[in-house]
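Residue numbers (my numbering): 844 to 1180. Just so you know, even glycine gets a beta-carbon here, dropped at the ideal spot from N, CA and C.
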Amino acid sequence: MLSTFNISSRRYLGNKTKLLPFIKEIVEKNCTNITSVADIFAGTGAVASAFTNKKIITNDILQSNYLCNIAWFSPQKYNKVLIEKLLREYNAYDKTEINYMSANFSNTYFKEKICSKIGFIREDIENLRNNSKINQKEKAILVASLIYAMDRIATTCGHYDAYRKNGKLADTLTLAMPLLYEKINTENRCFNKDANELVKEIEADLVYIDPPYNSRQYCDAYHLLENVAVWKKQAVYGIARKMNRDNIKSEYCKHNAGEVFADLIRNIKARYILLSYNNMAIKGNARSNARISDETIMRVLEQKGQVKVFSQEYKAFNTGKSSIQNNAERLFLCKVR
Ligand SMILES: C[S@@+](CC[C@H](N)C(=O)[O-])C[C@H]1O[C@@H](n2cnc3c(N)ncnc32)[C@H](O)[C@@H]1O
844 MLSTFNISSR
854 RYLGNKTKLL
864 PFIKEIVEKN
874 CTNITSVADI
884 FAGTGAVASA
894 FTNKKIITND
904 ILQSNYLCNI
914 AWFSPQKYNK
924 VLIEKLLREY
934 NAYDKTEINY
944 MSANFSNTYF
954 KEKICSKIGF
964 IREDIENLRN
974 NSKINQKEKA
984 ILVASLIYAM
994 DRIATTCGHY
1004 DAYRKNGKLA
1014 DTLTLAMPLL
1024 YEKINTENRC
1034 FNKDANELVK
1044 EIEADLVYID
1054 PPYNSRQYCD
1064 AYHLLENVAV
1074 WKKQAVYGIA
1084 RKMNRDNIKS
1094 EYCKHNAGEV
1104 FADLIRNIKA
1114 RYILLSYNNM
1124 AIKGNARSNA
1134 RISDETIMRV
1144 LEQKGQVKVF
1154 SQEYKAFNTG
1164 KSSIQNNAER
1174 LFLCKVR
C-alpha cells in the first residue's frame, strides 16, 4: 500500500498554511469578482491551494517549488496507475550504488544507502522524461514525491544550512502518492521565473505577494532539494555541501529590496494586490531584520491604489539565538486604481 501526503506535509520557512483562513477571509470580505489568483512567490503553493476553485497562476524562482506546484496545480493529464507503479518500484529499491548523491552526500543529511536510493530514483525519473515515457506533470509528481519523502527524514531542523552532526540518520526513504485535487481550473499555469519579470507577462484579478523578508536566501536553506530537482549534478562544496547558487539568489534578501519591490508593484496588472510581510524590522538578530521598511511598503502601495492593513499575531520561527515576541503577520491589501 502506498501512503499519501498533501501540500502542507512539508517543512518550509515562512509557509502560510496556518494563515490560510485569515487570507481567505480578507479576500472574501474585501475583494469582488475574483476569478483568477496569481501566487507569484508561491513556495510550497499553500496559498494557491486556498483558491483551487479559481484560475491559479503560480511562480517561484526555485525549480524544486516549481515542480511541486506543477504536481499540485498543472491541468495536464497524468497516468495515476503508472505513477503508483513507479513509486512502488522506487520504494522496493534496496541496493547501494555509487552515484551523484552517494558520492557527494553520504552520511550528511542521509545515510549512504538512502543517498544511493535518492540518486537512483532521480536519475530514473530524468531518463523516463528524456525518453518521453512520462510527461511533464508525471515527472513533477514523481519529483515532488521524492522531495517530500527526503524532507520527512533529513537530519536537519527543517532547512539545509547544516545537518545535525550526531543526529540519528533514518534507515528508510518511502515515497508516497500526493493527494491531488480532483477539480482544478484547466487554465492554471505554473512558472519558474523572477517575479519581477513574470508580472510584465501576466494578469490576474488578485496578485498575492509573499517575498522573503530578510537576508536569509531560500536557495541556501533548500539547496539540497533544489539540487535534486534541477539534477544538473553540479559540484558541491563546504560542510553543508551546497552547489553554486548565483543564478537563484533573491534580490528581496538584499539591501536594494525596497527598489526591487517598487519595480514589482509598478508592473503588476491586477485589480487587487495582497502582500504578506511581517513586522520584524527592528527585532531579533541582524539576519532576521526585514529588508523593506513599512514606510517603503506603504509609499509604494499607495501609489498604486487604496491600502488597508490587517494583522494577526503568530509565533515566530526561532533559531534559539533570538527571542522574538509579539510578532504579527501583516497583510497589506491594495485595491488598485
Ligand atoms: C516566504 S516564501 C513563500 C512561502 C509561500 N507563500 C508558502 O506558503 O509556502 C518566499 C518564496 O519566494 C521565492 N522567491 C524569492 N525571490 C524570488 C523572486 N525574485 N521571484 C520569484 N520567487 C522568489 C523563494 O524561493 C520562496 O519560495
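Query: Taking Cβ to Cβ, would you say residue 866 is nearer than 8 Å to residue 893?; Result: yes
Query: Residue 1039: beta carbon under 7 Å from a heavy atom of ligand 1?; Result: yes
Query: Cβ of residue 1105 within 7 Å of any heavy atom in ligand 1?; Result: no
Query: Can you look up residue 901 in the DSSP assignment and give me helix, strand or coil?; Result: strand
Query: In whole angstroms, what separates the C-alpha of residue 1144 from that of residue 926?; Result: 45 Å
Query: Considering only the alpha carbon of each residue, which of 1088, 989 and 1021 lies closest to residue 851?; Result: 1021
Query: If you run the structure through DSSP and keep just helix, strand and coil, what is residue 1032?; Result: strand
Query: Roughly how many whole angstroms lie between the Cα atoms of residue 1159 and residue 856?; Result: Its pLDDT being 49, under 50, residue 1159 is placed unreliably in this model, and the coordinates cannot settle the point.
Query: Output yes or no for whether 8 Å exceeds the beta carbon distance between residue 1100 and residue 1052.; Result: no
Query: Just checking residue 859 against ligand 1 - is the residue's beta carbon closer than 7 Å to any of the ligand's heavy atoms?; Result: yes
Query: Whole angstroms are fine: how far does the CA of residue 984 sit from the CA of residue 1167?; Result: Note that residue 1167 has pLDDT 48, beneath the 50 cutoff, so the model's placement of it is unreliable and the number below is only indicative. Spanning the two alpha carbons is a distance of roughly 38 Å.
Query: Cβ of residue 1049 within 8 Å of Cβ of residue 1179?; Result: no
Query: Go ahead and pull the three-state DSSP assignment for residue 1081.; Result: coil
Query: Rounding to the nearest angstrom, what Cα-Cα distance links residue 1017 and residue 1011 in this structure?; Result: 17 Å
Query: Leaving out five residues before and five after residue 1032 in sequence, what residues of the same chain have Cβ atoms less than 6 Å from its Cβ?; Result: 900
Query: Using three-state DSSP, classify residue 994 as helix, strand or coil.; Result: helix
Query: So what's residue 851 in DSSP terms, helix, strand or just coil?; Result: coil
Query: Three-state secondary structure (DSSP) at residue 950?; Result: coil
Query: Nearest chain D C-beta to residue 903 closer than 8 Å, yes or no?; Result: Of the protein chains in the structure, only one exists, and it is not chain D.
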